[in-house]
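Enquirer: Chains as they are written, first to last, in the numbering used here: chain A, 79 to 406; chain B, 903 to 1119; chain C, 761 to 983. Glycine is no exception: its CB is placed at the ideal position from the N, C-alpha and C atoms. None of the values given here were measured: they were computed from a predicted structure.
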Amino acid sequence: MKKIIPIIVLLILFVIALFNKSQLEMSAGVSILVTILLGIAMIVVLILTISGRSIERRIVFLFIGVSLILPFFMNFTLPLQVSPEVRTLYDALAKLPKGSKVLASYDYDPPSAPELQPMGDAFMKWAFRHDIKVIIIGLWPQGPLQANLSVNAALADPEIAKHPPKYGVDYVNLGYQSGNEFVIQGMGTSIRSKFPSDLYNTPYDSIPLLRGVENFSNIDFVFNLSAGYPGTVEWVQIAVDRFGVPVGAGNTAVQAPQVYPYVESGQLTGLLGGMSGGAEFEKITKEPGQANTFLLSQSFAHVVVIGFILIGNVALFMGKTKRRPPIG
Amino acid sequence: MQFDIGIWIGALLTLGIISFLYKDNIIYKISEAIFVGVSAGFWFIALFWDNLYRVFWIGVFPAANTNAKPQYILFGGVILGMLMLSRLLGNKVGWISRWPLAFIVGATAGLKLITYLASNALSQINATVGNFVGAVNQPTFAGLVAASTIAIGTFCGLVYFFFSKEHRGWFGGLATIGTWFLMVTFGASFGYTVMSRMSLLLGRIDFLLSDWLHLIK
Amino acid sequence: MRREIPLIITFIAGLVFVVQYFIPHPPFDAFEQVFTNWFAIVQAFAIWLGALSLMKFSMLKIRRKQKDWFMSVIIIVGFVVMVAYGAYDGFAGMHASPTYSFRDAGTHFDWLYQNIYTPLTSTMFALLAFFVASASYRAFRARNLQATLLLIAGILVMIGRVPIGDWLTSFMPAHYQASNLATWIMNFPNAAGQRAIMIGIALGTVSTSLRIILGIERSHLEG
């Protein structure tokens, strides 16, 4: 029986994948009911844990899966506060006069896209709307292609589509260059030496936007999206501290806590940390996107994880962690 | 009927990896083996085109319609690289792979020496002391508390990491305060790590629910 | 000479990068440019070494018919398919008009990357979400003051960084609501602790780098 259940579940999924054409959405009442049921299930876990029977890890996995999946079918949002470091980055961008040149370094690959792509999309839409010129580069191989996804998302916006930005004049994609922090170092002297042509093999000197752009002294701001090495740390160490160009960054949530010292010292002009940072940036730039959609699922998952931590500690304090067979 | 072979393969591989949560099984092992092989292949070919072709080949044989001169000195890099591959031939010949390794380690050490000193040590110390002195000179309660928290936390954290003196007496007290700050730091990192991992999982769930099952937009 | 030549190479490479930081003018900028390009080329060979070692190990496993040798067959097939299509698309793109890159949308390599590599990599990382939750339930206990501080900070940051935190603490004054508490933790105690770690690592890096460049530290030349 145990072996048949996964096969049945798979077959159901295959049928849905092949034939389903309609979207599922829960009404407000059903959403609340489902939330209450999840809460009741957590209370059952609490009672079982206090009575000395810890929950098997597969049940914990099930709770996480359910708490992440169900909010996708719910249709409500909660108000979001914008944190000071996000506001700092936005204020720095907002102060740039029209026509300013921003170097956007997309230093991540598709696995980190759920956290960083919303930031990139919001930035690109905002830049095109406010006549900020964008020079895209990547220190990770897939970065420039992720940047193209941001460009496409921006061009799909109806208001931007009325007056679409022109490639080579309003934005350009110089592609990827290997060499990690050595690329940043080289750009301090000559951007052309590191990116002799753009992603489509057009020579640097043939691109109107790049006329007069020799090195960092001709760049007004650097907007970096980083998932690791090379990334924000290298941009701060070389571009900020050696060449003096202001850098603002979006980081994955794993990396974000480590760069707070740079924010506090002023080396980094603002920070978007993880998906919540992306959602806050979407809010402050008024460019709604995917981060805000995912935030409800994120909220449920965090509450469930906190619930499990508290359940484990309540059981510890009540001193009833006897060794009995686990449930599940 | 809707059937995109690429999405189906992506979905099946995703489910194959997720099946590990139930228990280790042959489907997971196959998915993992595909992952290992494809990752190795990806980096192999990506570095061929991005590093060897774009840097070496274009550098030595520049296109006719550019003004660039051939840089034959790039052959030095290729020679070092070939020496690296000698490791595959065993210890008798493999010792020569130490030369390119020495180059990589030396170049990295040289760059990191200065950048870490400037950005991660001096700038940070400057900010800590500077902000504290600034708060003392123009005191507001909030500013003073903020600057003091940072200064005390940084100093006590550094005391904790100083293992050349025993952590006893007043020194031990400072180290204990440092431990408290470090615990808060690790707790914050834990919270953000949970957020990050949940975000990655949300990306996969979104792919399955929207692109594969069409249950959401 | 087996020992001396690598030490000389380390010294020269390190010295060039230290000097060019302060003197970015000729001839040091030329040295830096050459060494940067050499670094990129050697980096490619270093990854090739890893990939080819994996293939060598997999082939040995198949030949000796060790446990799970069939998985090694899959590893080799995956590797060969990715490299073959990447090479084909790269060469075809070079000779096409207009030229295109091997990773451009629509190539075979891009198809493999989007539909095989990306789902596998993303899901491998995503699995950690489940294990983090399970580990939190089983092991995260406030047994002493330090563990309690860690736990409280973690909980406050987790609840403060999502909108539900402010909704749950909406009855409190604004400064004490979850998001503001999380912001305070990140910007002050977390920044202080991270700064202490950063300075410690920086000092360690400086001393190790000096030792490596001067040839006192030789562990990277062992083996």
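Using Cβ-Cβ distances below 7 Å, what residues of the stretch 995 to 1020 of chain B are close to chain A?
Expert: Listed in sequence order: L1013, T1017, A1020.
Enquirer: Which bits of chain A does C:D849 rub up against, with CB to CB less than 7 Å?
Expert: Neighbours of C:D849 on chain A: none; closest Cβ ~14 Å, over 7 Å.
Enquirer: Using beta carbons (cut-off 7 Å, strictly below), is B:Q1026 in contact with chain A?
Expert: For B:Q1026, the answer is yes, since a Cβ of chain A falls inside 7 Å of its Cβ.
Enquirer: Quick one, are the C-beta atoms of A:A379 and A:A369 less than 7 Å apart?
Expert: Not closer than 7 Å, so no.
Enquirer: For chain C, find out if any of its Cβ atoms is closer than 7 Å to the Cβ of A:N329; answer yes or no.
Expert: A:N329 does not count as touching chain C.
Enquirer: Given a threshold of 16 other Cβ atoms within 10 Å of its Cβ, counted over all protein chains shown, does C:N797 qualify as buried or as exposed?
Expert: It counts as buried.
Enquirer: Is there contact here, the stretch 150 to 166 of chain A with the stretch 262 to 270 of chain A, by at least three beta-carbon pairs under 8 Å?
Expert: The stretch 150 to 166 of chain A is not in contact with the stretch 262 to 270 of chain A.
Enquirer: On the three-pair Cβ rule with 8 Å, is the stretch 1087 to 1094 of chain B touching the stretch 870 to 888 of chain C?
Expert: Output reads no: the stretch 870 to 888 of chain C does not touch the stretch 1087 to 1094 of chain B.
Enquirer: Got a sec, what are the start and stop residues for the beta strand (DSSP E) A:A182 sits in?
Expert: That run of the beta strand (DSSP E) goes 179 to 185.
Enquirer: Check whether the stretch 827 to 835 of chain C and the stretch 933 to 940 of chain B are in contact - that is, three or more C-beta pairs closer than 8 Å.
Expert: Yes, since at least three Cβ pairs between the stretch 827 to 835 of chain C and the stretch 933 to 940 of chain B fall closer than 8 Å, the two stretches touch.
Enquirer: Name the chain B residues whose beta carbon is nearer than 7 Å to that of A:N98?
Expert: Those are L1115, H1116, L1117, listed as they occur along chain B.
Enquirer: Hey, is the stretch 344 to 362 of chain A in contact with the stretch 183 to 202 of chain A, meaning 3+ C-beta pairs nearer than 8 Å?
Expert: Taking 8 Å as the limit for Cβ pairs, the verdict is that the stretch 183 to 202 of chain A does touch the stretch 344 to 362 of chain A.
Enquirer: Out of curiosity, what's the CA-to-CA distance linking A:T127 and C:Y897?
Expert: Straight-line Cα distance between these residues: approximately 10 Å.
Enquirer: For A:I389, which option in C:L814, C:S818, C:I915, C:I959 has the closest C-alpha, if you only look at C-alpha atoms?
Expert: When only C-alpha atoms are compared, the closest one is C:I915.
Enquirer: Where do the ends of the beta strand (DSSP E) carrying B:N1022 lie?
Expert: Taken as a continuous stretch (DSSP letters only), B:N1022 belongs to no beta strand (DSSP E), as it is neither H nor E.
Enquirer: Name the two residues that bound the continuous alpha helix (DSSP H) containing C:A773.
Expert: 764 to 782 is the span of the alpha helix (DSSP H), which, as asked, contains C:A773.
Enquirer: Helix, strand or coil for C:G866 per DSSP?
Expert: Residue state, collapsed to three classes: coil.
Enquirer: Do you know offhand how far C:A902's Cα is from A:R131's?
Expert: Cα to Cα, the separation comes out at about 19 Å.
Enquirer: For A:A334, tell me which candidate among C:S969, C:L941, C:Q954, C:S882 has the shortest Cα-Cα distance.
Expert: It is C:Q954 whose Cα lies nearest to the Cα of A:A334.
Enquirer: Using the beta-carbon of each residue, which ones in chain B are nearer than 9 Å to A:V323?
Expert: Simply none; closest approach about 14 Å.
Enquirer: Per DSSP, A:P281 forms a beta bridge with which residues?
Expert: A:S275.
Enquirer: Should A:E365 be labelled buried (16 or more other beta-carbon atoms within 10 Å of its own) or exposed?
Expert: Buried is the call here.
Enquirer: Based on Cα-Cα distance, which residue from A:N302, A:T371, A:F150 lies nearest to A:E103?
Expert: Checked all of A:N302, A:T371, A:F150; the closest Cα to A:E103 is A:F150.
Enquirer: Does DSSP classify A:V325 as helix, strand or coil?
Expert: Strand.
Enquirer: Scan the stretch 814 to 830 of chain C for residues whose Cβ lies nearer than 9 Å to a Cβ of chain B and list them as they occur along the chain.
Expert: Residues L814, M815, K816, S818, D828, F830.
Enquirer: In the DSSP assignment, what residue or residues form a beta bridge with A:Y249?
Expert: Beta-bridge pairing links A:Y249 to A:V212, A:Y245.
Enquirer: Suppose the cutoff is 8 Å on Cβ atoms and the five residues either side in sequence are ignored; what does the same chain contact list for B:A1037 look like?
Expert: The residues are G1045, L1046, A1048, A1049, S1050.
Enquirer: Hey, could you find the ends of the alpha helix (DSSP H) C:V840 is sitting in?
Expert: Per DSSP, C:V840 belongs to the alpha helix (DSSP H) from 829 to 855.
Enquirer: Bridge partners of A:V300, per DSSP?
Expert: DSSP output for A:V300 lists A:L181, A:V325 as bridge partner(s).
Enquirer: What does a CB cutoff of less than 7 Å around C:Y845 pick up in its chain, not counting 5 residues either side in sequence?
Expert: If we look at C:Y845 and ignore the five residues flanking it on each side, its Cβ neighbours are H868, F869, L872.
Enquirer: Going by the beta-carbon positions, is the gap between A:V325 and A:V332 smaller than 7 Å?
Expert: For A:V325 and A:V332, no; Cβs fall outside 7 Å.
Enquirer: Measuring straight from C-alpha to C-alpha, what distance separates A:S343 and C:A934?
Expert: Whole-angstrom Cα-Cα distance: 26 Å.
Enquirer: Determine, using beta carbons only, whether C:W808 comes closer than 7 Å to chain A.
Expert: Not an interface residue.
Enquirer: In terms of residue numbering, what span does the beta strand (DSSP E) encompassing A:G107 cover?
Expert: Premise fails: A:G107 lies in the alpha helix (DSSP H), 106 to 128, not in any beta strand (DSSP E).
Enquirer: List the residues of chain A that B:A1090 touches, going by C-beta distances under 7 Å, in chain order.
Expert: Under the 7 Å cutoff, chain A gives P335.
Enquirer: Any contact of the stretch 309 to 323 of chain A with the stretch 271 to 283 of chain A, i.e. 3+ C-beta pairs under 8 Å?
Expert: Taking 8 Å as the limit for Cβ pairs, the verdict is that the stretch 271 to 283 of chain A does not touch the stretch 309 to 323 of chain A.
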